Amino acid sequence: SIPLSFFGGIGGASRNGILIKGSNYLEALAQTEIVVFDKTGTLTKGVFNVQEIHAEQMPEQDLLELTAYAESYSNHPISLSLKRAYSKDIDNSRISDVEELSGFGVKATVDGKRVSAGNKKLMERLGIPCAADDLGGTVVHVAVDNSYAGYIVIADELKEDAIKAIRELKAANIRQTVMLTGDNESAAQKAAKALGLDKYYANLLPADKVARLEELYNEKTAKGKLAFIGDGINDAPVLARADIGIAMGGLGSDAAIEAADVVIMTDEPSKIASAIRVAKKTLGIAR
Ligand code: ADP
Ligand code: MG
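Residues in the sequence shown are numbered from 277 upward in steps of one, following UniProt numbering.
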């Protein structure tokens, strides 16, 4: 049977915006040793600002327009940010054959031209050589009809609360804090360093994130638990594989909230540290 105090712990957490879907997850939270974060939308705001537009064969505004059109059907934080940067209404009749490639980018036909927008891996897949990626931000490369058309450098900011989250996890004696991201090395390194994370892995596809998680399982003790926290965009497989899958409700998708073991109702990653504290306290009382 479940000790009565567990209900108090779960109830207290829920009043604090943390939904724990069962007493087994409360116990697991108390034994957390490794906390793994997704980057975009979890540690960062997920709101990108355009830093630079480099167009090869057209005015910069035209490249931004083609990209915003190609991105128009996606709900990825990058797409939403590029549509906001473009700022004009999108005429859907100019767009057809939209494809979203998780962890790569998007493709769409715009005004009869095939437009692909995404990372270096997407360009490699298309066999299109592209510029270096170490531009200090997230780089969206654009190809039009199979030739390189330029890139847009965008940058996201860390959440204030992410700094607090890492600090509080360290204070709670969490063995390792780790970030997994599909973003490029330079953007990942910058974020990891600013946050004081123990480890980070960049350039990961959703399947690579699962493989990294498997490796991290070897670094905890037998009874220790591993928690993954993400916003549910492109990270559902890792969310499912973690001992404790935590979705952030603020930005997260309904499917992610369904699949998660714990849901944070706000967009504050530091709530994971609160959840661990509540769990430890509750179990201390229960025993
Ligand atoms: P993260 O791991 O940081 O949450 P994602 O897995 O969602 O990021 O995406 C990984 C990378 O794939 C992004 O950094 C970007 O380079 C590329 N990408 C994904 N979706 C898009 C998109 N809609 N438009 C452009 N690039 C995208
Ligand atoms: Mg993500």
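Ideal Cβ placement from N, Cα and C applies to all residues, glycine included. Here the structure is a predicted model, which means the values were calculated and not measured.
DSSP beta-bridge partners of residue i
i	result
residue 377	381
residue 455	313, 476
residue 504	312, 521
residue 435	BP columns for residue 435 are empty, so no partner.
residue 391	384, 420
residue 414	430
Cβ-based neighbour list, residue i, same chain, cut-off 6 Å, excluding 5 preceding and 5 following
i	result
residue 410	462
residue 380	394, 397, 398
Residue i CB to nearest heavy atom of ligand 1 below 7 Å
i	result
residue 325	no
residue 375	no
residue 354	yes
residue 383	no
residue 392	no
residue 572	Residue 572 is absent from the structure shown; the chain starts at 277 and stops at 563.
residue 521	no
residue 412	no
residue 457	yes
residue 357	no
Short Cβ contact (8 Å threshold) for residue i with residue j
i	j	result
residue 420	residue 427	no
residue 489	residue 517	yes
residue 305	residue 505	no
residue 308	residue 459	no
residue 523	residue 536	yes
residue 293	residue 541	yes
residue 432	residue 287	no
residue 430	residue 414	yes
residue 485	residue 454	no
residue 425	residue 491	no
Contact test: residue i Cβ vs ligand 2 heavy atom, cutoff 7 Å
i	result
residue 567	What the structure shows of the chain is the stretch from 277 to 563, and residue 567 is not part of that stretch, so it cannot be assessed.
residue 320	no
residue 474	no
residue 286	no
residue 316	yes
residue 511	yes
Contact set for residue i: own chain, Cβ-Cβ below 7 Å, skip 5 residues either direction
i	result
residue 444	546, 549
residue 318	505, 506, 507, 524, 545
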